[in-house]
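One structure below.
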Amino acid sequence: MIAPFYNTHATKIALVTEGRGYVELVCPHLAGQRWEGQGQREGQRDEEEGGKEGGRGQHGQRYQRVHAQVSPGTVFVIPPGHPAVEVASRDQNLQVICFEIRAENNQKVFLAGRNNILNKMEREAKELSFDASAREVDEVFNAQKEEVLLAGPEEWQRGGGGARASTAAATWPRSSRWSPASELRLLSSEKRGERES
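Each residue of the sequence shown is one higher than the one before, starting from 5 at the first, in the working numbering.
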């Protein structure tokens, strides 16, 4: 699988030429529409129940995960700022031809792998974001040896994924409950178990 990343400026247009798999991306626009609709319904319900004050509450930025199966001939588009991952099906290669438009000054920002953006965070930011010591956070992210091509989720389930810390990349798109802090807690508990053995 390709490590999850987003483009800062470029729009990616991709054509699947061979193999099967899936593509997942994270979209703030769909989530915003969904929550706006929900907020409007809640506001209408409040008015019907006697005019409670408010309407739409203040929500932080929300994201919607979009999942699509792909096969030869499938075309998909990934706008800038939308983290995405492409994963081949079991025992198949997934060949995709990609074109990027408006790519001037574009940067690929990786969210997993050796060169991920999280490695560039300051010590204090890591501790606050992940609810763990900066040393533990660095240990997890520095254990990732691969940069762009990573073992996919099915390979991890079979136990052939390499460094344990890279499961962050493998589980990111499939598990909506994954968080870096939960990954660190998992690794810490595994280490305690190893020491006790």
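The beta-carbon is built from N, C-alpha and C at its ideal position, and this holds for glycine as well.
Only a predicted model underlies this, so the values are computations on that prediction, with no experimental measurement involved.
Looking only at DSSP bridge pairs, what is lysine 112 linked to? In the sequence shown, the residue the question calls residue 112 occupies position 108. Answer is Asn11.
Taking just the CA atoms, how far does glutamate 28 sit from valine 79? Reading the sequence shown from its first residue, position 75 is the one you call residue 79. Reading the sequence shown from its first residue, position 24 is the one you call residue 28. Each residue's alpha carbon lies about 14 Å from the other.
Option in Ser93, Gln68, Phe103, Val100 with minimal Cα separation from histidine 86: Locating residue 86 in the sequence shown gives position 82, where the first residue counts as 1. For the residues Ser93, Gln68, Phe103, Val100, the minimum Cα distance to histidine 86 belongs to Gln68.
Using only the alpha-carbon positions, how far apart do glycine 58 and alanine 136 sit? As a first step, residue 58 is located in the sequence shown; it is residue number 54 there, counting from the start. As a first step, residue 136 is located in the sequence shown; it is residue number 132 there, counting from the start. Legend: pLDDT at glycine 58 = 28, less than 50; position of this residue unreliable, no value from coordinates given.
I need the boundaries of the beta strand (DSSP E) containing alanine 138, first residue and last residue. Here residue 138 refers to the residue found at position 134 when the sequence shown is read from its first residue. Where alanine 138 is concerned, there is no enclosing beta strand (DSSP E), although the alpha helix (DSSP H) it sits in stretches over 138 to 146.
Please list, in chain order, all residues of the same chain as alanine 92 whose beta carbon is under 8 Å from its beta carbon, the five residues on each side excluded. Position 88 of the sequence shown, counted from the start, is the residue given in the question as residue 92. Here the set comprises Met5, Gly23, Arg24, Gly25, Leu98, Gly156.
Between asparagine 120 and phenylalanine 114, is the Cβ-Cβ spacing less than 7 Å? Here residue 120 is taken as the residue at index 116 of the sequence shown, counted from 1. Here residue 114 is taken as the residue at index 110 of the sequence shown, counted from 1. Yes, Cβ-Cβ distance for asparagine 120 and phenylalanine 114 is below 7 Å.
Is it buried or exposed for glutamate 126, if we count other Cβ within 10 angstroms and need 16 for buried? Counting from one through the sequence shown, the residue named residue 126 turns up at place 122. Glutamate 126 is exposed by the Cβ-count criterion.
The alpha helix (DSSP H) enclosing leucine 132, as first and last residue numbers: Here residue 132 corresponds to residue number 128 of the sequence shown, with the count starting at 1. Leucine 132 -> alpha helix (DSSP H) spans 127 to 134.
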